[in-house]
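Participant: Residue numbers (the working numbering): 1101 to 1580. The C-beta atom is built at its ideal place from N, Cα and C for all residues, glycine as well.
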RNA sequence: GGCCCAUUCGUCUAUCGGUUAGGACGUCAGAUUUUCAUUCUGAAAAGAGGAGUUCGACUCUCCUAUGGGCUACCA
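(1) Where does the unbroken beta strand (DSSP E) through residue 1261 begin, and where does it stop?
(2) Which term fits residue 1169, buried or exposed, when burial requires 16 or more other beta carbons within 10 angstroms of its beta carbon?
(3) Could you give the DSSP three-state label for residue 1214: helix, strand or coil?
(4) Keeping to the same chain, check which residues put their C-beta closer than 7 Å to that of residue 1273; ignore five residues upstream and five downstream.
(5) If we count the other Cβ atoms within 10 Å of its Cβ and call it buried at 16 or more, is residue 1397 buried or exposed?
(6) Measure the beta-carbon distance from residue 1335 to residue 1308 and round it to whole angstroms, keeping in mind my assumption that it falls under 8 Å.
(7) Would you kindly report the start and end of the unbroken alpha helix (DSSP H) that includes residue 1383?
(8) Anyone know if the C-beta pair for residue 1489 and residue 1559 falls short of 8 Å?
(9) Once the 5 residues before and after residue 1181 are set aside, which same chain residues still bring their CB inside 8 Å of it?
(10) Whole angstroms is fine: what's the gap from residue 1384's alpha carbon to residue 1406's?
(11) Just to confirm my understanding: we take residue 1564, look at its own chain, exclude 5 residues before and 5 after, and list those with CB closer than 7 Å. What are they?
(12) Here's the rule: buried if 16 or more other CB atoms are within 10 angstroms of the residue's CB, otherwise exposed. What is residue 1103?
(13) Does the Cβ-Cβ distance between residue 1584 and residue 1296 come in under 8 Å?
(14) Which residue spans inside the region 1218-1258 form an unbroken beta strand (DSSP E) run of at least 3?
(15) Work out the CA separation of residue 1293 and residue 1441 for me, nearest whole Å.
(16) Would DSSP call residue 1271 helix, strand or coil?
(17) Give me the DSSP bridge partner(s) of residue 1407.
(18) Could I get the ranges of all uninterrupted alpha helix (DSSP H) runs contained in the region 1287-1332, with 4 residues as the minimum, in chain order?
(19) Within the continuous beta strand (DSSP E) that includes residue 1204, where are the two ends?
(20) Could you round the C-beta distance between residue 1282 and residue 1204 to whole angstroms and report it? I think they count as a contact, below 8 Å.
(21) Assuming contact is defined by CB atoms lying nearer than 8 Å, are residue 1421 and residue 1369 in contact in what I supplied?
(22) Measure the C-alpha to C-alpha separation of residue 1552 and residue 1430 and round it to an integer number of angstroms.
(23) Please classify residue 1137 as buried or exposed, where buried requires at least 16 neighbouring CB atoms within 10 angstroms.
(24) Restricting to runs no shorter than 4 residues, where is the alpha helix (DSSP H) found entirely within the region 1500-1562?
(25) Going by Cα to Cα distance, which pick from 1132, 1206, 1268 and 1143 is closest to residue 1298?
(26) Grouping DSSP H, G and I as helix and E and B as strand, with all else coil, what is residue 1469?
(27) Does residue 1134 come out as helix, strand or coil in the three-state DSSP assignment?
(28) Straight-line CA distance for residue 1221 to residue 1330?
(29) For residue 1357, report the span of its alpha helix (DSSP H) as first-last.
(30) If you measure between the beta carbons of residue 1310 and residue 1123, is that distance less than 8 Å?
(31) If we count the other Cβ atoms within 10 Å of its Cβ and call it buried at 16 or more, is residue 1519 buried or exposed?
(32) How about residue 1161 and residue 1290: do their beta carbons lie closer than 8 Å?
(33) Under 8 Å between the Cβ atoms of residue 1303 and residue 1105?
(34) Quick check: what's the CA-CA separation for residue 1410 versus residue 1461?
(35) What is the residue span of the alpha helix (DSSP H) that residue 1452 lies within?
(36) Over what stretch of residues does the alpha helix (DSSP H) that includes residue 1429 continue unbroken?
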């Protein structure tokens, strides 16, 4: 059985980053496209950087994104445990094996000595001093309990070449490589070691990870070779950038998945957008469900250059998804965002009006702001050359509008629109002229989630008339 | 500093030696419309620079520039 296995191996050091999410997505897509398994492994070997609840965030993100793993800490599997801190003895065993074969060695150098190894350019390169300790000396130090690490013994000559499925063939001279620490003095492995051991033991066939690991991949291959293990296929991914110069980072606010959910983006839209950042489906289709992505995904479409995250385009995609939601589903999602509205309005109607007009749920307070906030809007809003309306015209026409609406006995959109249409004819105006004025006069907002008659229905007869009168008196005060 | 990687419209990208360099978001301009919004049509907008290779280069090679990454007992 030679099935494809990919893994997502985050370290629980904070929220789920958008870049991490994309790495998980691609690994998932590739596995599923090829009928393989997608494994979740928690890389918690840095005990100092652990963040409470970070593991919880990983689970919840994968769940919300609908990226279901086949094996992992929570659901088990044949390669358990899937948490690196629970695998310490495994790493120790393999590290010792490497030491016996001279591919690794104990190092007792102190931080102070290491600091003396800095070269002219400020870089530090270990000088292999402890490699030359005799077995007896090593044993003595070990027996004395001297703190130590295990280092990889990298050959100082030759070239290590590997082939990446995205970046192609890459060669690095061994003399550029460092004798990386494999096992830390606290007994935990470094990423540099744990990822190799675990990827092998867990049968990972394709390694998806950020391109920052490109330069250390030769170190890993040397390890695979020392063990005599099969080297996996590598799929290094370009970075997602905040702008031309900066990677998306946790430090800069809204770079993580949960923040985007809070902003009112749908998980499907985020996933769809992120999939397209650095990968192209080779068709002109841009909207993909998860299963369509599985179908369409191909490593050959992954680009080498980093991509700038564009929230404006995400908003566009999100608006597409929002429009497709059933009215009930949309209403359920929007409801929590109406909490801040104190004026009683028909929220069902509000949802109906808003659904096709917003691109993120977080737009709701702004779009519906007029419901509560009306006083003091700028009277210049009446001036609109496209609608051929003006504040002056508004002042002249509003009394008739008030009269018409006061006498409206049915307060429905059809009835009100009909009444206003009739008034338009009476006054010898264009529909647009009058309706622009009415809409501004009762909302005080340039862009509203519906036309004039719809806004009247939304806020009700009483408030409509109150606001019309209020607007009229302000206009009179202004124009004299 | 050394090493690795990258470089097409503002942004995401197509092009795998011969194209009027295509699409999408955004922008702008028109049109449609039961009022806001939608929708539709159109426009502006790109191969970092320089050498080669070639009949011909965005595409291949080299150099330079710019950007990013690595250079930790972080991942």
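Facilitator: So, from the data block:
(1) Translated into the one-based positions of the first chain, residue 1261 becomes position 161. Taken as a continuous stretch (DSSP letters only), the beta strand (DSSP E) holding residue 1261 covers 1259-1264.
(2) On the first chain, position 69 is the one that residue 1169 refers to. That one is buried.
(3) Translated into positions along the first chain, residue 1214 becomes position 114. In the three-state reduction of the DSSP assignment, residue 1214 falls in the helix class, which pools H, G and I.
(4) By 1-based counting over the first chain, the position of residue 1273 is 173. Contacts found: 1259.
(5) Within the first chain, the letter at position 297 stands for residue 1397. The residue in question, residue 1397, is buried, as its Cβ has 16 or more Cβ neighbours within 10 Å.
(6) Counting from one through the first chain, the residue named residue 1335 turns up at place 235. Counting from one through the first chain, the residue named residue 1308 turns up at place 208. With 8 Å as the limit, residue 1335 and residue 1308 qualify as a contact, their Cβ atoms being about 5 Å apart.
(7) Mapped onto the first chain, residue 1383 falls at position 283. It is not in any alpha helix (DSSP H) - residue 1383 carries neither H nor E in the DSSP assignment.
(8) Indexing the first chain from 1 puts residue 1489 at position 389. Indexing the first chain from 1 puts residue 1559 at position 459. The answer is no: Cβ separation not under 8 Å.
(9) Numbered from its first residue, the first chain carries residue 1181 at position 81. Excluding the 5 residues flanking it on each side, residue 1181 has same chain C-beta neighbours closer than 8 Å at 1173 and 1187, in chain order.
(10) The residue you call residue 1384 lines up with position 284 of the first chain. The residue you call residue 1406 lines up with position 306 of the first chain. Inter-residue distance for residue 1384 and residue 1406 is about 21 Å (C-alpha atoms, whole angstroms).
(11) Stepping through the first chain from its first residue, residue 1564 is reached at position 464. Counting only Cβ-Cβ distances below 7 Å, and skipping sequence neighbours, we find 1505, 1542 and 1556.
(12) Numbered from its first residue, the first chain carries residue 1103 at position 3. So residue 1103 ends up on the exposed side.
(13) Residue coverage of the chain in this structure runs from 1101 to 1580, which leaves residue 1584 outside it and unanswerable.
(14) Listed in chain order, they are 1249-1252.
(15) What you label residue 1441 is simply residue 341 of the first chain in a count that begins at 1. What you label residue 1293 is simply residue 193 of the first chain in a count that begins at 1. Taking the straight line joining both Cα atoms gives about 55 Å.
(16) Stepping through the first chain from its first residue, residue 1271 is reached at position 171. Residue 1271 falls in the strand class under three-state DSSP.
(17) Taking the first chain and counting its residues from 1, one reaches residue 1407 at position 307. Within the DSSP secondary-structure output, residue 1407 pairs in a beta bridge with 1340.
(18) Within the region 1287-1332, the complete alpha helix (DSSP H) runs of at least 4 residues are 1291-1301 and 1317-1327.
(19) For the purposes of this step, residue 1204 is taken as residue 104 along the first chain, with counting starting at 1. Counting along the chain, residue 1204 sits inside the beta strand (DSSP E) bounded by residues 1204-1207.
(20) Sequence index remark: in the first chain, residue 1282 carries index 182 (1-based). Sequence index remark: in the first chain, residue 1204 carries index 104 (1-based). Contact between residue 1282 and residue 1204 holds: their C-beta atoms lie close to 6 Å from each other, under 8 Å.
(21) Numbered from its first residue, the first chain carries residue 1421 at position 321. Numbered from its first residue, the first chain carries residue 1369 at position 269. Their beta carbons are under 8 Å apart, which means residue 1421 touches residue 1369 by this criterion.
(22) Looking up residue 1552 in the first chain gives position 452. Looking up residue 1430 in the first chain gives position 330. The straight-line gap from Cα to Cα measures roughly 23 Å.
(23) Working through the first chain from its first residue, we reach residue 1137 at position 37. Buried.
(24) For the region 1500-1562, the full-length alpha helix (DSSP H) segments reaching 4 residues or more read 1513-1527, 1531-1543 and 1552-1559 along the chain.
(25) The residue you call residue 1298 lines up with position 198 of the first chain. Minimum Cα distance to residue 1298 is reached at 1143.
(26) Here residue 1469 corresponds to residue number 369 of the first chain, with the count starting at 1. Helix at residue 1469.
(27) Here residue 1134 refers to the residue found at position 34 of the first chain. Three-state result, residue 1134: coil.
(28) Residue mapping note: residue 1221 aligns to position 121 of the first chain, counting from 1. Residue mapping note: residue 1330 aligns to position 230 of the first chain, counting from 1. Straight through space, the alpha carbons of residue 1330 and residue 1221 are spaced by roughly 37 Å.
(29) As a position in the first chain, residue 1357 is number 257, starting the count at 1. Taken as a continuous stretch (DSSP letters only), the alpha helix (DSSP H) holding residue 1357 covers 1357-1362.
(30) Numbered from its first residue, the first chain carries residue 1310 at position 210. Numbered from its first residue, the first chain carries residue 1123 at position 23. Yes, they are a contact pair.
(31) Stepping through the first chain from its first residue, residue 1519 is reached at position 419. In summary, residue 1519 is buried, with 16 or more beta-carbon neighbours lying within 10 Å of its beta-carbon over all protein chains present.
(32) For the purposes of this step, residue 1161 is taken as residue 61 along the first chain, with counting starting at 1. For the purposes of this step, residue 1290 is taken as residue 190 along the first chain, with counting starting at 1. Not closer than 8 Å, so no.
(33) Indexing the first chain from 1 puts residue 1303 at position 203. Indexing the first chain from 1 puts residue 1105 at position 5. With respect to the 8 Å criterion, residue 1303 and residue 1105 are classified as neighbours on the basis of their beta carbons.
(34) For the purposes of this step, residue 1410 is taken as the residue at position 310 of the first chain. For the purposes of this step, residue 1461 is taken as the residue at position 361 of the first chain. So the alpha carbons of these two residues sit roughly 18 Å apart.
(35) Sequence index remark: in the first chain, residue 1452 carries index 352 (1-based). That run of the alpha helix (DSSP H) goes 1447-1454.
(36) In the first chain, the residue the question calls residue 1429 occupies position 329. Unbroken alpha helix (DSSP H) run through residue 1429: 1427-1434.
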